[in-house]
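Engineer: Sharing a structure here in structure tokens format.
Number of protein chains: 2
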Amino acid sequence: MQRPALTVDRNSPVPLYFQLAEQLEAAIVAGTLTPGSRLENEIELADRCGLSRPTVRQAIQHLVDKGLLVRKRGVGTQVVQAQVKRPIELTSLYDDLVASQRSPRTKVLELATAPAGDEAAKNLGVPPGTPVIRLRRLRLTDSEPLALLTNHLPVDIVDLTAERLESNGLYEILRATGVNLRIANQTIGARAATTAEATLLDERRGVPLLTMTRTAFDDNGRAIEFATHVYRASRYSFTLTLVER
Amino acid sequence: MQRPALTVDRNSPVPLYFQLAEQLEAAIVAGTLTPGSRLENEIELADRCGLSRPTVRQAIQHLVDKGLLVRKRGVGTQVVQAQVKRPIELTSLYDDLVASQRSPRTKVLELATAPAGDEAAKNLGVPPGTPVIRLRRLRLTDSEPLALLTNHLPVDIVDLTAERLESNGLYEILRATGVNLRIANQTIGARAATTAEATLLDERRGVPLLTMTRTAFDDNGRAIEFATHVYRASRYSFTLTLVER
DNA sequence: TACCTCTTAATGTCATGACAAATCGTTGAC
DNA sequence: GTCAACGATTTGTCATGACATTAAGAGGTA
Numbered sequence: 001m002q003r004p005a006l007t008v009d010r011n012s013p014v015p016l017y018f019q020l021a022e023q024l025e026a027a028i029v030a031g032t033l034t035p036g037s038r039l040e041n042e043i044e045l046a047d048r049c050g051l052s053r054p055t056v057r058q059a060i061q062h063l064v065d066k067g068l069l070v071r072k073r074g075v076g077t078q079v080v081q082a083q084v085k086r087p088i089e090l091t092s093l094y095d096d097l098v099a100s101q102r103s104p105r106t107k108v109l110e111l112a113t114a115p116a117g118d119e120a121a122k123n124l125g126v127p128p129g130t131p132v133i134r135l136r137r138l139r140l141t142d143s144e145p146l147a148l149l150t151n152h153l154p155v156d157i158v159d160l161t162a163e164r165l166e167s168n169g170l171y172e173i174l175r176a177t178g179v180n181l182r183i184a185n186q187t188i189g190a191r192a193a194t195t196a197e198a199t200l201l202d203e204r205r206g207v208p209l210l211t212m213t214r215t216a217f218d219d220n221g222r223a224i225e226f227a228t229h230v231y232r233a234s235r236y237s238f239t240l241t242l243v244e245r
Numbered sequence: 001m002q003r004p005a006l007t008v009d010r011n012s013p014v015p016l017y018f019q020l021a022e023q024l025e026a027a028i029v030a031g032t033l034t035p036g037s038r039l040e041n042e043i044e045l046a047d048r049c050g051l052s053r054p055t056v057r058q059a060i061q062h063l064v065d066k067g068l069l070v071r072k073r074g075v076g077t078q079v080v081q082a083q084v085k086r087p088i089e090l091t092s093l094y095d096d097l098v099a100s101q102r103s104p105r106t107k108v109l110e111l112a113t114a115p116a117g118d119e120a121a122k123n124l125g126v127p128p129g130t131p132v133i134r135l136r137r138l139r140l141t142d143s144e145p146l147a148l149l150t151n152h153l154p155v156d157i158v159d160l161t162a163e164r165l166e167s168n169g170l171y172e173i174l175r176a177t178g179v180n181l182r183i184a185n186q187t188i189g190a191r192a193a194t195t196a197e198a199t200l201l202d203e204r205r206g207v208p209l210l211t212m213t214r215t216a217f218d219d220n221g222r223a224i225e226f227a228t229h230v231y232r233a234s235r236y237s238f239t240l241t242l243v244e245r
């Protein structure tokens, strides 16, 4: 049983349960709360922080969902042993690379409005032939090609410029525009590189590529983006953590 | 605004919030609640079911986490428009295939106890050379090879027999033994098939394969399984739904 | 020793009440 | 006609209190 220092600021606009969750998480990553150790029980925790039990439970539940804590009835709450990797989230590859300090660079190959093909139209929920923004980018890290990104977007979502796309991730731009991505369906597969892809990615024709198609929806349920990405399998893979509830 | 019939049984051992969540989910999949439609507000819902608001909120939150509903403050709760695919869960490929009615078959290629190699030992958290169960299986659907599954498990977890493994998924067997899988770290990538893999999978050397490695932990944080799977990319891909909270 | 039972401790579920914050439509002023 | 302010609606947050359920350990008994 370990007892990290915990304080909450009731004048802060940040919800109390979130403040508590943040402090617990910080204590875990800092090593103050060691893997396998038990937390105080909820009542004690609540008393010590001057919070009610539901608030404490909400904070703990937040970390359970994140995969950092495990609760067992009749036993208590423990810090998980396994190292939790960041799960796949609704972030762009660009954000991911920035987070892992791999200095991404983006080259815009195409940015145009064109009639939607059958697949893009179906995934965006518009009639085939509807004008949509078509975007093709090459993503590089450390001057090495990493992925070829093809995106289709409805025309009226956001104003995109090649300059902006070269210095920001697409999702970052969307968020800044006020678009709230909520749900995305993804499919991850693999296939051999075509000649064109191989040339762009500095690989040879036929090498295995990791593919990802994604359709993302905003909080109104409207399709915002249909993406088809191919990654050099030799330089990229998807990592995710599953938490059973 | 739609009002499906809702009743809860207070004598049932099933939690009330869960009963409500199940009924709402059933109404959604049955089409009684159509995508985009708004639910009644929480107070009304609570009154109509004879429940308190926190209980109703818990039910709704459950479905929000599942990606079936979207809540917006000041607006209300809506059924999501996008069709939600089942996310990757802590289930085995076998369960997945059964669920999609693809009549899986399993051929056990190897089931033996052997000293752990460096990689398996590291992932299972045991010293290299520790005896572990090594399991290699070929998974087929409709008599076509689909995947080559290699698993390593600590020896004292479960008693495995080839017969049992040919008629049940590994995770099913683990669950029946009382093992509670809680957290798993997965990596999904791609590479070219080796000659041996190609032979087993009825493919040609060098074709792209989808790879997945997974380390699964139980609720005590103990590593239960280290898996290295390769899938025929021509016949399999991973589908997942992301929900932003 | 082995097994059963009781006690204890912890999380799980549920109710009631209150106020805060965000959204949207309406109303009013200019 | 346009824009700003207001109010109604709805979800978000938090407190208090109660009882149920589960798990583990203590202790007694055969």
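These protein sequence lines are chains A and B, in that order. Mapping to the UniProt record's numbering: the first sequence position 127 is 127, numbers consecutive. Mapping to the UniProt record's numbering: the second sequence position 6 is 6, numbers consecutive. Even for Gly, the Cβ is constructed at its ideal location relative to N, Cα and C.
1. Quick check: what's the CA-CA separation for Glu42/A versus Pro128/B?
2. So, with DSSP's three-state summary, where would you put Pro54/B?
3. Would you call Thr106/A buried or exposed, if buried means 16 or more other Cβ atoms sit within 10 Å of its Cβ?
4. Any C-beta of chain A within less than 7 Å: which residues of the region 159 to 193 of chain B qualify?
5. Note down, in chain order, each residue of its chain lying with its Cβ closer than 6 Å to the Cβ of Leu210/B, except the 5 sequence neighbours on either side.
6. So with CB distances below 9 Å, who are the chain B contacts of Glu197/A?
7. Okay, do the region 140 to 158 of chain A and the region 70 to 82 of chain A touch, 3+ Cβ pairs below 8 Å being the bar?
8. Near Pro115/B, which residues of its chain fall below 8 Å by C-beta distance, leaving aside the five closest residues on each side in sequence?
9. Which residue marks the beginning of the alpha helix (DSSP H) containing Ala27/A, and which one marks its end?
10. Suppose contacts are defined by Cβ-Cβ distances below 8 Å. Is Ala227/B in contact with Thr239/B by that definition?
11. Look at the alpha carbon of Ala193/A and the alpha carbon of Leu149/A, and state the distance between them as a whole number of angstroms.
12. Which same chain residues, not among the five before or five after Leu33/B, have their C-beta less than 8 Å away from its C-beta?
13. If you draw a straight line from the alpha carbon of Lys72/A to that of Tyr171/A, how long is it in whole angstroms?
14. Using C-beta distances below 6 Å, list every residue in its chain close to Cys49/A, excluding the 5 sequence neighbours before and after it, in chain order.
15. Does the CB of Val56/A have a neighbour CB from chain B at under 8 Å?
16. Report the residue from Ala147/B, Asn123/B, Leu146/B, Asp156/B whose alpha carbon sits nearest the alpha carbon of Ala184/B.
17. Does the distance from the CB of Asp202/B to the CB of Pro154/B come in under 8 Å?
18. Spatial neighbours of Arg57/A within its chain, please: CB distance less than 8 Å, with the 5 preceding and 5 following residues excluded, ordered by chain position.
19. Counting only C-beta atoms, is Phe238/A closer than 8 Å to chain B at any point?
20. Please report the straight-line C-alpha distance between Val29/A and Asp159/B, rounded to a whole angstrom.
21. Threshold first: 4 residues or longer. Then list the alpha helix (DSSP H) segments lying entirely within the region 159 to 197 of chain B, N to C.
22. At what residues does the beta strand (DSSP E) containing residue 248/B begin and finish?
23. What residues are listed by DSSP as bridge partners for Glu110/A?
24. Which whole-angstrom value is the C-beta distance of Arg204/B and Ala198/B, which I expect to be below 8 Å?
25. Between the Cα of Thr55/A and the Cα atoms of Thr215/A, Gly67/A, Gly76/A, Gln19/A, which residue gives the shortest distance?
26. Spell out whether any CB of chain B is found under 8 Å from the CB atom of Gln81/A.
27. Hey, Val70/B and Arg182/A are a contact pair by Cβ (cut 8 Å); roughly how many whole angstroms apart?
28. Consult DSSP for Gln61/B and reduce its assignment to one of helix, strand or coil.
29. In terms of alpha-carbon separation, which member of Val179/B, Glu244/B, Val207/B, Ala147/B lies closest to residue 313/B?
30. Can you tell me whether Ala46/B is helix, strand or coil according to DSSP?
31. Within 10 Å of its beta-carbon, does residue 275/B have 16 or more other beta-carbons around it, so buried, or fewer, so exposed?
32. So is Leu146/A in contact with chain B if we call contact Cβ pairs under 8 Å?
33. Give the single residue among Gly117/A, Val207/A, Ala147/A whose Cα lies nearest to the Cα of Pro104/A.
34. Are there 16 or more other CB atoms within 10 angstroms of the CB of Arg137/A, so buried, or fewer, so exposed?
35. Determine the direct distance from the alpha carbon of Arg53/A to that of Gly206/B, and round the result to whole angstroms.
36. Please tell me whether Phe226/A has its Cβ less than 8 Å away from any Cβ of chain B.
Structural biologist: Judging by the given coordinates:
1. Residue 42/A sits at position 42 when you count from the first residue of the first sequence. Residue 128/B sits at position 128 when you count from the first residue of the second sequence. Taking the straight line joining both Cα atoms gives about 40 Å.
2. Here residue 54/B corresponds to residue number 54 of the second sequence, with the count starting at 1. Pro54/B: helix per DSSP, three-state reduction.
3. On the first sequence, residue 106/A is found 106 positions in, with the first residue counted as 1. Result: buried.
4. Leu181, Arg182, Ile183, Ala184, Asn185, Gln186, Thr187, Ile188, Gly189, Ala190, Arg191, Ala192
5. Translated into positions along the second sequence, residue 210/B becomes position 210. Contacts found: Ala190, Tyr231, Ala233.
6. What you label residue 197/A is simply residue 197 of the first sequence in a count that begins at 1. Here the premise fails: no neighbours, minimum Cβ distance about 12 Å.
7. no
8. Position 115 of the second sequence holds residue 115/B. Closer than 8 Å at the Cβ level, and outside the excluded window around Pro115/B, lie Pro128, Gly129, Thr130, Pro131, Val132.
9. Looking up residue 27/A in the first sequence gives position 27. Looking at the DSSP string, the run of the alpha helix (DSSP H) that includes Ala27/A is 16 to 30.
10. On the second sequence, residue 227/B is found 227 positions in, with the first residue counted as 1. On the second sequence, residue 239/B is found 239 positions in, with the first residue counted as 1. For Ala227/B and Thr239/B, no; Cβs fall outside 8 Å.
11. Working through the first sequence from its first residue, we reach residue 193/A at position 193. Working through the first sequence from its first residue, we reach residue 149/A at position 149. In a straight line, the C-alpha of Ala193/A is about 14 Å away from that of Leu149/A.
12. To locate residue 33/B, count along the second sequence from 1; it is residue 33. Within the same chain, Leu33/B has close Cβ partners Gln2, Pro4, Leu24, Ala27, Leu39, Val79.
13. Start at 1 with the first residue of the first sequence, and residue 72/A comes out as number 72. Start at 1 with the first residue of the first sequence, and residue 171/A comes out as number 171. Each residue's Cα considered, the two are about 38 Å apart.
14. On the first sequence, residue 49/A is found 49 positions in, with the first residue counted as 1. Excluding positions up to five away in sequence, the list reads Leu6, Val8.
15. As a working mapping, residue 56/A is identified with position 56 in the first sequence. Closer than 8 Å: no.
16. In the second sequence, counting from the first residue as 1, residue 184/B sits at position 184. The option with the nearest alpha carbon to Ala184/B is Asn123/B.
17. The residue given as residue 202/B occupies position 202 in the second sequence. The residue given as residue 154/B occupies position 154 in the second sequence. Cβ atoms of Asp202/B and Pro154/B: not closer than 8 Å.
18. Residue mapping note: residue 57/A aligns to position 57 of the first sequence, counting from 1. Answer for Arg57/A: Glu42, listed in chain order.
19. Within the first sequence, numbered from 1, the residue matching residue 238/A stands at position 238. It does; some Cβ of chain B falls within 8 Å.
20. Sequence index remark: in the first sequence, residue 29/A carries index 29 (1-based). Sequence index remark: in the second sequence, residue 159/B carries index 159 (1-based). Cα to Cα, the separation comes out at about 36 Å.
21. 162 to 167, 170 to 176
22. What is shown of chain B runs 1 to 245, which leaves residue 248/B out entirely.
23. Here residue 110/A refers to the residue found at position 110 of the first sequence. Arg136/A, per the DSSP bridge assignment.
24. Here residue 204/B refers to the residue found at position 204 of the second sequence. Here residue 198/B refers to the residue found at position 198 of the second sequence. Rounded, the Cβ-Cβ distance is 6 Å, consistent with contact.
25. Here residue 55/A corresponds to residue number 55 of the first sequence, with the count starting at 1. Of Thr215/A, Gly67/A, Gly76/A, Gln19/A, the residue nearest in Cα terms is Gln19/A.
26. The residue you call residue 81/A lines up with position 81 of the first sequence. Yes, Gln81/A lies at the interface with chain B (some Cβ there is under 8 Å from its Cβ).
27. For the purposes of this step, residue 70/B is taken as the residue at position 70 of the second sequence. For the purposes of this step, residue 182/A is taken as the residue at position 182 of the first sequence. Yes, they are in contact, since the Cβ atoms of Val70/B and Arg182/A sit about 6 Å apart, within 8 Å.
28. In the second sequence, counting from the first residue as 1, residue 61/B sits at position 61. Note: Gln61/B maps to helix in three-state DSSP.
29. As shown, chain B starts at 1 and ends at 245. That puts residue 313/B outside it, with no answer to give.
30. Working through the second sequence from its first residue, we reach residue 46/B at position 46. Residue state, collapsed to three classes: helix.
31. Any property of residue 275/B remains undetermined from this structure, which presents chain B solely from 1 to 245.
32. In the first sequence, the residue the question calls residue 146/A occupies position 146. False, the Cβ-Cβ gap to chain B never drops below 8 Å.
33. By one-based count along the first sequence, residue 104/A stands at place 104. When each option's Cα is compared against that of Pro104/A, the closest is Ala147/A.
34. As a working note, residue 137/A is residue 137 in the first sequence. Arg137/A comes out buried.
35. Walking along the second sequence from the start, residue 206/B turns up at place 206. Walking along the first sequence from the start, residue 53/A turns up at place 53. Each residue's Cα considered, the two are about 58 Å apart.
36. Numbered from 1 along the first sequence, position 226 holds the residue referred to as residue 226/A. Cβ-Cβ to chain B under 8 Å: no for Phe226/A.
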